Amino acid sequence: MTSQIYAALLATIRKLLNSKRPVRDAFHKHGNGSYRGICPSNKGIDGWIPNESGLARDAIRLYNLAPEVMLIIPEPFALDYELDGEAHSYTPDFLLHLRDGRRAVVEIKYQEEADTPENQRRFQVIAPLIESAGGLFAVVTEKTLRNKVIRQNLGLIEGQRHRLIPLTAKTAMLQILREGPASLEALSSAAGDVRLVYAAIGQEWLAVSLYKPLRPSTLIWRI
Numbered sequence: 001m002t003s004q005i006y007a008a009l010l011a012t013i014r015k016l017l018n019s020k021r022p023v024r025d026a027f028h029k030h031g032n033g034s035y036r037g038i039c040p041s042n043k044g045i046d047g048w049i050p051n052e053s054g055l056a057r058d059a060i061r062l063y064n065l066a067p068e069v070m071l072i073i074p075e076p077f078a079l080d081y082e083l084d085g086e087a088h089s090y091t092p093d094f095l096l097h098l099r100d101g102r103r104a105v106v107e108i109k110y111q112e113e114a115d116t117p118e119n120q121r122r123f124q125v126i127a128p129l130i131e132s133a134g135g136l137f138a139v140v141t142e143k144t145l146r147n148k149v150i151r152q153n154l155g156l157i158e159g160q161r162h163r164l165i166p167l168t169a170k171t172a173m174l175q176i177l178r179e180g181p182a183s184l185e186a187l188s189s190a191a192g193d194v195r196l197v198y199a200a201i202g203q204e205w206l207a208v209s210l211y212k213p214l215r216p217s218t219l220i221w222r223i
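Per full-length UniProt numbering, residue 1 is the first one in the sequence shown, and the count goes up by one each step.
Okay, here's the thing in structure tokens:
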């Protein structure tokens with residue numbers, strides 16, 4: 001590949017990294033004639049995000065509550081690349097618009113599938129292209145998405161997402177957070193109910209790390 005062709009390819013990828021609409025419908029029909037499903041999301045363009053698999057749905061649930069993620073685009077673009085002298089096309093599962101302005105291209109795979117020689121060779125070509133264009137590239141597997149701690153935390157927070165938070169409770173929590181992050185215990189005491197803290201996280205005006213168990217000492221911050 002000549003330097004001019006490579007520069008043109010990177011310029012194309014930079015444009016793709018700003019995609020805001022899916023390049024194709026994720027509602028592909030499967031053998032039983034039914035569609036996989038949709039996941040409600042405030043970070044989807046239309047208020048919901050289609051998913052092709054249960055694993056992809058788990059990813060959406062995680063990114064819904066990840067404070068660094070602002071926008072989730074499913075199957076955002078088709079990237080043409082070359083491998084062993086042959087032309088190929090790659091469509092990632094998700095493009096994430098991050099709070100700091102960066103873009104993350106995410107491939108969702110079961111670990112066994114991600115580790116196949118064919119996919120490893122594909123990723124070794126695709127990742128450097130995306131990273132050279134200023135993006136991030138990650139292959140996310142069930143080892144993360146089906147992690148016991150993450151699943152427990154998602155369950156706790158999602159179960160309270162639609163709970164009404166009284167103005168007095170919200171004001172009390174925000175008062176504590178004026179000085180910076182506060183513990184789950186302190187916020188629960190101020191709100192009068194730990195479920196109201198979980199609701200605030202689910203409604204995306206408070207944030208917490210989902211990768212560690214939620215304990216009284218867990219720090220929570222305002223988005």
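Note that CB positions come from ideal geometry on N, CA and C, so glycine has one too.
Just so it is clear, the structure is predicted and the values come from calculations on it, not from any experiment.
Simplified DSSP state of residue i, which is helix, strand or coil
{"i": "S53", "result": "coil"}
{"i": "S217", "result": "coil"}
{"i": "S189", "result": "helix"}
{"i": "G37", "result": "strand"}
{"i": "R61", "result": "helix"}
{"i": "L210", "result": "coil"}
{"i": "R222", "result": "strand"}
{"i": "L164", "result": "coil"}
{"i": "E86", "result": "strand"}
{"i": "L17", "result": "coil"}
{"i": "I73", "result": "strand"}
{"i": "R99", "result": "coil"}
{"i": "E113", "result": "helix"}
{"i": "V194", "result": "helix"}
{"i": "A7", "result": "helix"}
Nonlocal neighbours in the same chain, by C-beta distance under 7 Å from residue i, ignoring five residues either side
{"i": "I165", "result": "L196, A199 and A200"}
{"i": "S188", "result": "V194 and V197"}
{"i": "G37", "result": "N51 and R57"}
Distance CB(residue i)-CB(residue j) smaller than 8 Å
{"i": "V125", "j": "L83", "result": "yes"}
{"i": "L136", "j": "A104", "result": "yes"}
{"i": "I223", "j": "W205", "result": "yes"}
{"i": "N119", "j": "L214", "result": "no"}
{"i": "K212", "j": "V140", "result": "no"}
Whole-number beta carbon distance between residue j and residue i, since they are thought to touch under 8 Å
{"i": "A191", "j": "A172", "result": "6 Å"}
{"i": "L145", "j": "L62", "result": "6 Å"}
{"i": "P92", "j": "E107", "result": "6 Å"}
{"i": "N64", "j": "S41", "result": "5 Å"}
{"i": "I49", "j": "I60", "result": "5 Å"}
{"i": "residue 224", "j": "T218", "result": "Because the chain spans 1 through 223 in this model, residue 224 falls outside it and cannot be assessed."}
{"i": "I72", "j": "K43", "result": "5 Å"}
{"i": "L17", "j": "Y81", "result": "With 8 Å as the limit, L17 and Y81 do not qualify as a contact, their Cβ atoms being about 15 Å apart."}
Residue from the options whose Cα sits closest to the Cα of residue i
{"i": "V69", "options": "F94, Q152, S132 and A133", "result": "F94"}
{"i": "D58", "options": "P128, R151 and Y81", "result": "R151"}
{"i": "E75", "options": "L156, L129, N51 and L55", "result": "N51"}
{"i": "A133", "options": "G47, Q120 and K15", "result": "K15"}
{"i": "Y143", "options": "G101, L55 and I60", "result": "Reading off the sequence shown, one finds Lys at residue 143, where the question assumed Tyr. Answer by Cα proximity: L55."}
{"i": "K20", "options": "G85, L96, L10 and A8", "result": "L96"}
{"i": "G155", "options": "L210, A8, Q4 and T12", "result": "L210"}
{"i": "R102", "options": "V208, E179, A8 and E131", "result": "E131"}
Own chain, CB closer than 8 Å to residue i, minus 5 neighbours either side, in chain order
{"i": "Q160", "result": "R195, L196, Y198, A199 and G202"}
{"i": "R99", "result": "P67, E68, V69 and M70"}
{"i": "G31", "result": "In this prediction, G31 scores a pLDDT of 46, lower than 50, which makes its location untrustworthy; no coordinate-derived value is stated."}
Own chain residues within Cβ distance below 6 Å of residue i, not counting five before or after
{"i": "A78", "result": "V23, S89 and T91"}
{"i": "A207", "result": "P67, W221 and I223"}
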